[in-house]
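Novice:
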Amino acid sequence: MEDKKFVTSSGIEIKATYTLAEPMAEKPGQFPYTRGIQKDMYRGRLWTMRQYAGFSTAEESNKRYHYLLQQGTMGLSVAFDLPTQIGYDSDHEMAEGEVGKVGVAIDSLKDIETLFDGIELEKITTSMTINATASILLAMYIALAKKQGADIKQISGTIQNDILKEYAARGTYIYPPKSSMRIITDIFEYCSKEVPKWNTISISGYHIREAGSTAVQELAFTLANGKAYLNAALEKGLDINIFAKRLSFFFNCHNNFFEEIAKFRAARRMWANITKTLGATDEKAQMLRFHTQTGGSTLTAQQPMNNIVRVTNQAMAAVLGGTQSLHTNGFDEALSLPTEAAAKIALRTQQVIAFESGVTETVDPLAGSFFVENLTNEIEAAAQLYIDKIDAMGGSVNAIENGYIQNEIADAAYAYQVEVEEATRVIVGVNKFTQQKEGITDTLRIDESIRTIQTDKINKLKKERNNEDVAIALANLKKGAESTENLMPLILTAVEAYATLGEIADVLRGVFGEY
2 MEDKKFVTSS GIEIKATYTL AEPMAEKPGQ FPYTRGIQKD MYRGRLWTMR
52 QYAGFSTAEE SNKRYHYLLQ QGTMGLSVAF DLPTQIGYDS DHEMAEGEVG
102 KVGVAIDSLK DIETLFDGIE LEKITTSMTI NATASILLAM YIALAKKQGA
152 DIKQISGTIQ NDILKEYAAR GTYIYPPKSS MRIITDIFEY CSKEVPKWNT
202 ISISGYHIRE AGSTAVQELA FTLANGKAYL NAALEKGLDI NIFAKRLSFF
252 FNCHNNFFEE IAKFRAARRM WANITKTLGA TDEKAQMLRF HTQTGGSTLT
302 AQQPMNNIVR VTNQAMAAVL GGTQSLHTNG FDEALSLPTE AAAKIALRTQ
352 QVIAFESGVT ETVDPLAGSF FVENLTNEIE AAAQLYIDKI DAMGGSVNAI
402 ENGYIQNEIA DAAYAYQVEV EEATRVIVGV NKFTQQKEGI TDTLRIDESI
452 RTIQTDKINK LKKERNNEDV AIALANLKKG AESTENLMPL ILTAVEAYAT
502 LGEIADVLRG VFGEY
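Here our numbering is used: the first residue of the sequence shown is 2, the next is one more, and so on.
1. With DSSP as the reference, please indicate the residues paired to Val8 in a beta bridge.
2. Is it buried or exposed, Glu99, if we count other Cβ atoms within 10 angstroms and call 16 or more buried?
3. Would you report the Cα separation of Ala500 and Gly76, rounded to the nearest angstrom?
4. Would you mind working out which of Lys438, Phe434, Glu483 and Tyr516 sits nearest Val508, comparing C-alpha positions?
5. Do you know offhand how far Met95's Cα is from Ala135's?
6. What are the boundary residues of the beta strand (DSSP E) that includes Ile204?
7. Under 6 Å Cβ to Cβ from Met182, same chain only, skipping five residues before and after it: list those, please.
8. For Lys277 and Gln287, I'd like the C-alpha separation in whole angstroms.
9. Would you please state the rounded distance, in angstroms, between the beta carbons of Gln528 and Ala413? I believe it to be under 8 Å.
10. Would you mind sorting Asp112 into buried or exposed? The rule is 16 or more other CB atoms within 10 Å of its CB.
11. In terms of residues, what are the limits of the alpha helix (DSSP H) holding Thr136?
12. Does the distance from the C-beta atom of Gly88 to that of Ala506 stay below 8 Å?
13. Cα-Cα, which of Leu386, Val196 and Pro29 is closest to Lys147?
14. Considering only residues of the same chain and omitting the five flanking positions on each side of Asn314, which have a CB-CB separation below 8 Å?
15. Grab the span of the alpha helix (DSSP H) containing Asn253 for me, first residue to last.
16. Give the range of the beta strand (DSSP E) segment to which Leu367 is assigned.
17. Using the C-alpha atoms, what's the distance from Ile241 back to Ala281?
18. Tell me whether Tyr89 sits in a helix, a strand or coil according to DSSP, three-state version.
19. Sorted by chain position, which residues of the same chain lie with C-beta nearer than 8 Å to Thr20's C-beta, five sequence neighbours on each side aside?
20. Is the separation between the beta-carbon of Thr35 and that of Arg269 shorter than 8 Å?
21. Could you give the DSSP three-state label for Gln294: helix, strand or coil?
22. Check for me: the beta strand (DSSP E) holding Met129 runs from which residue to which?
23. Tell me where the beta strand (DSSP E) around Gly158 begins and ends.
24. Am I right that Asp118 and Asn63 are in contact with their C-beta atoms under 8 Å? What's the rounded C-beta distance?
25. Exposed or buried, what is Arg446 when buried is set at 16 or more other beta-carbons lying within 10 Å of its beta-carbon?
26. Taking DSSP as the reference, what is the three-state secondary structure of Leu21?
27. Is the separation between the beta-carbon of Arg210 and that of Gly296 shorter than 8 Å?
28. Have a look at Gln302 and Thr340 and give me their C-alpha separation to the nearest angstrom.
29. Going by C-alpha to C-alpha distance, which of Lys464, Ser157, Glu167 and Ile188 sits closest to Pro178?
30. How would you label Gln155, buried or exposed, when you count the other beta carbons within 10 angstroms and need 16 or more for buried?
31. What are the start and end residues of the beta strand (DSSP E) that includes Leu77?
32. Ser397 and Ala170: beta carbons closer than 8 Å?
33. Is any heavy atom in the ligand NAD found nearer than 7 Å to the beta carbon of Lys148?
34. Starting from Ser326, trace the beta strand (DSSP E) in both directions and tell me its first and last residue.
35. Between Ser180 and the rest of its own chain, which residues show a CB-CB distance below 7 Å, the 5 nearest in sequence each way excluded?
36. Can you tell me whether DSSP reads Tyr415 as helix, strand or coil?
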């Protein structure tokens with residue numbers, strides 16, 4: 002009988018034992034940053050503990066933010082509802098049934114003022130998971146910071162703003178790829194001058210993984226998209242040593258403990274070499290900084306308390322892999338948006354790792370492990386094959402337009418599901434160790450009345466604002482979109498006049514079309 006074969010989720014064979022990989026010459030904080038981007042890592046500063054939150058109205062989400070800040074969260078992370086993500090106001094017919102459901106409904110600057118009521122933007126960092134309408138939400142955030150009297154050169158945070166992965170894996174795009182890339186590079190250019198501490202994009206592997214990719218594909222497709230953004234900005238004449246410092250990444254962390262750690266170590270090394278090859282000489286422009294979220298698609302509705310163990314395992318892997326920021330999922334998220342109790346346990350998971358486990362006390366604790374070093378090299382080699390293939394197609398935009406990346410993800414998702422169905426891949430509580438369904442009754446439900454509340458707010462806003470100012474701002478935005486003018490100042494003017502998100506997106510739809 003042949004020996005049983007052990008493989009990672011990406012199909013990399015795991016040997017019974019390992020010997021020394023190529024010796025690592027570099028230290029933490031040195032190119033190519035395999036061992037971490039800071040020489041002292043968590044000995045100097047812990048990762049930012051975020052809890053991704055947003056639901057219902059701005060008022061309800063504001064209460065949750067104050068609750069999380071009181072519990073010790075260190076930065077806010079905003080979830081937006083689907084209409085907000087695809088540029089529809091809450092009163093639009095396309096918004097029906099979705100207002101406030103998977104995130105907070107934001108229709109105008111008024112909602113952002115309510116969302117952050119009692120929170121000083123200059124004193125926190127905010128991550129916003131928004132892509133197609135990222136320019137509008139960033140403009141609203143800047144407008145509020147100005148109203149609060151903040152120095153906008155000091156405000157910090159991140160917009161996801163990664164449209165390529167929307168075409169490849171998630172689907173909340175509005176405009177065609179080339180117009181979308183133009184908006185993104187306008188944001189890069191504007192922020193490098195006006196909001197220099199803002200991370201202008203969070204290049205996201207998270208959703209690629211949630212769509213069913215392997216760990217290697219997540220790494221390869223994310224870095225290939227990153228290359229596409231670098232090249233687009235270089236073509237616009239931007240300085241890579243300035244704009245590349247404000248790029249950040251967003252990775253998933255799934256259950257295969259050592260594969261995930263090796264993936265993060267390989268990612269830093271690969272990105273350092275990519276940026277250097279494209280001309281980056283400043284070390285901060287070569288560093289891959291990333292946020293991690295534990296794997297949503299790994300959570301099970303069956304025996305949901307098991308998810309606390311999964312999330313702990315994934316969070317520990319992210320920390321051992323050197324993340325700069327971390328969100329831990331609530332155990333009930335296979336059933337609903339997380340309750341306050343689930344969000345608190347998720348945050349406490351991070352705090353226990355940070356303050357009780359001891360893993361933060363030395364830098365890159367798994368460095369030199371024969372297994373981890375070999376696996377890091379193998380993941381890098383496998384991901385590089387994909388990147389070379391995408392480069393040969395002319396880059397990510399072309400690879401997405403011809404369906405290559407989408408098809409690779411779909412094939413991997415199918416293969417995974419077959420393994421689960423055939424129980425060759427064990428999911429505890431799903432295809433092994435099953436029992437009668439556990440009863441969790443305390444789930445979060447969003448009332449359908451939210452749409453009526455938001456519609457009333459929009460109607461009131463349109464009566465009270467100066468509609469002439471709005472009309473002028475939208476006309477100027479249209480002219481700007483038809484030219485090569487940077488759109489960010491024009492969007493900011495429209496937002497400050499209380500134009501709605503839908504009105505601004507509609508102007509751009511009129512010029513760019515829809516994809």
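We treat Cβ as the ideally placed atom computed from N, Cα and C, and that holds for glycine.
Specialist: On the basis of the data shown:
1. For the purposes of this step, residue 8 is taken as the residue at position 7 of the sequence shown. The partner list for Val8 (beta bridge, DSSP) reads Glu14.
2. In the sequence shown, residue 99 corresponds to position 98, counting from 1. It counts as buried.
3. Walking along the sequence shown from the start, residue 500 turns up at place 499. Walking along the sequence shown from the start, residue 76 turns up at place 75. One C-alpha to the other measures close to 28 Å.
4. Numbered from 1 along the sequence shown, position 507 holds the residue referred to as residue 508. Considering only alpha carbons, the answer is Glu483.
5. Position 94 of the sequence shown, counting from 1, holds the residue named residue 95. Position 134 of the sequence shown, counting from 1, holds the residue named residue 135. Looking at the two C-alpha atoms, the distance is approximately 19 Å.
6. If you number the sequence shown from 1, residue 204 lands on position 203. First-last of the beta strand (DSSP E) with Ile204: Ile202 to Ser205.
7. Within the sequence shown, residue 182 is the residue found at index 181, counting from 1. Excluding sequence neighbours, Met182 sits near Ala233.
8. Within the sequence shown, residue 277 is the residue found at index 276, counting from 1. Within the sequence shown, residue 287 is the residue found at index 286, counting from 1. Rounded to whole angstroms, Lys277 to Gln287 spans 7 Å at the Cα level.
9. Lying outside 2 to 516, the shown extent of the chain, residue 528 is not represented and no answer is given.
10. As a position in the sequence shown, residue 112 is number 111, starting the count at 1. Label assigned to Asp112: buried.
11. Taking the sequence shown and counting its residues from 1, one reaches residue 136 at position 135. Residue identity differs from the one stated: residue 136 is Ser in this sequence, not Thr. Here the alpha helix (DSSP H) through Ser136 covers Ala135 to Lys148.
12. In the sequence shown, residue 88 corresponds to position 87, counting from 1. In the sequence shown, residue 506 corresponds to position 505, counting from 1. In this structure, Ala506 lies closer than 8 Å to Gly88 by Cβ.
13. As a working mapping, residue 147 is identified with position 146 in the sequence shown. The candidate whose alpha carbon is nearest that of Lys147 is Val196.
14. Your numbering for residue 314 matches position 313 in the sequence shown. For Asn314, where only same-chain residues beyond five positions count, the Cβ hits under 8 Å are Asn256 and Phe258.
15. Counting from 1 along the sequence shown, the entry for residue 253 is found at position 252. That residue, Asn253, is in no alpha helix (DSSP H); its beta strand (DSSP E) goes Leu248 to Cys254.
16. Locating residue 367 in the sequence shown gives position 366, counting from the first residue. No beta strand (DSSP E) holds Leu367; DSSP gives it neither H nor E.
17. The residue given as residue 281 occupies position 280 in the sequence shown. The residue given as residue 241 occupies position 240 in the sequence shown. About 6 Å.
18. One-based indexing of the sequence shown puts residue 89 at position 88. Here Tyr89 sits in coil by DSSP.
19. The residue you call residue 20 lines up with position 19 of the sequence shown. Taken in chain order, the residues that qualify are Phe371.
20. Along the sequence shown, read from residue 1 onward, the residue named residue 35 stands at position 34. Along the sequence shown, read from residue 1 onward, the residue named residue 269 stands at position 268. For Thr35 and Arg269, yes; Cβs fall inside 8 Å.
21. Start at 1 with the first residue of the sequence shown, and residue 294 comes out as number 293. Note: Gln294 maps to strand in three-state DSSP.
22. Here the question's residue 129 lines up with position 128 in the sequence shown. Met129 -> beta strand (DSSP E) spans Thr126 to Thr130.
23. Position 157 of the sequence shown, counted from the start, is the residue given in the question as residue 158. Gly158 -> beta strand (DSSP E) spans Ser157 to Ile160.
24. Residue mapping note: residue 118 aligns to position 117 of the sequence shown, counting from 1. Residue mapping note: residue 63 aligns to position 62 of the sequence shown, counting from 1. Yes, they are in contact, since the Cβ atoms of Asp118 and Asn63 sit about 5 Å apart, within 8 Å.
25. Numbered from 1 along the sequence shown, position 445 holds the residue referred to as residue 446. Exposed, since its Cβ has fewer than 16 Cβ neighbours within 10 Å.
26. Stepping through the sequence shown from its first residue, residue 21 is reached at position 20. Residue state, collapsed to three classes: coil.
27. Here the question's residue 210 lines up with position 209 in the sequence shown. Here the question's residue 296 lines up with position 295 in the sequence shown. Yes.
28. Numbered from its first residue, the sequence shown carries residue 302 at position 301. Numbered from its first residue, the sequence shown carries residue 340 at position 339. The sequence given here places Ala at residue 302; Gln does not occur at that position. C-alpha separation (whole angstroms): 15 Å.
29. On the sequence shown, residue 178 is found 177 positions in, with the first residue counted as 1. When each option's Cα is compared against that of Pro178, the closest is Glu167.
30. As a first step, residue 155 is located in the sequence shown; it is residue number 154 there, counting from the start. Result: exposed.
31. To locate residue 77, count along the sequence shown from 1; it is residue 76. Start and end: Gly76 to Ala80.
32. Your numbering for residue 397 matches position 396 in the sequence shown. Your numbering for residue 170 matches position 169 in the sequence shown. No; because the gap between Cβ atoms is not below 8 Å, this pair is not in contact.
33. Among the components of this structure there are no ligands whatsoever, and the ligand NAD is therefore not found.
34. As a first step, residue 326 is located in the sequence shown; it is residue number 325 there, counting from the start. Looking at the DSSP string, the run of the beta strand (DSSP E) that includes Ser326 is Ser326 to His328.
35. As a working mapping, residue 180 is identified with position 179 in the sequence shown. Taken in chain order, the residues that qualify are Phe513.
36. To locate residue 415, count along the sequence shown from 1; it is residue 414. The answer is helix: DSSP assigns Tyr415 an H, G or I state.
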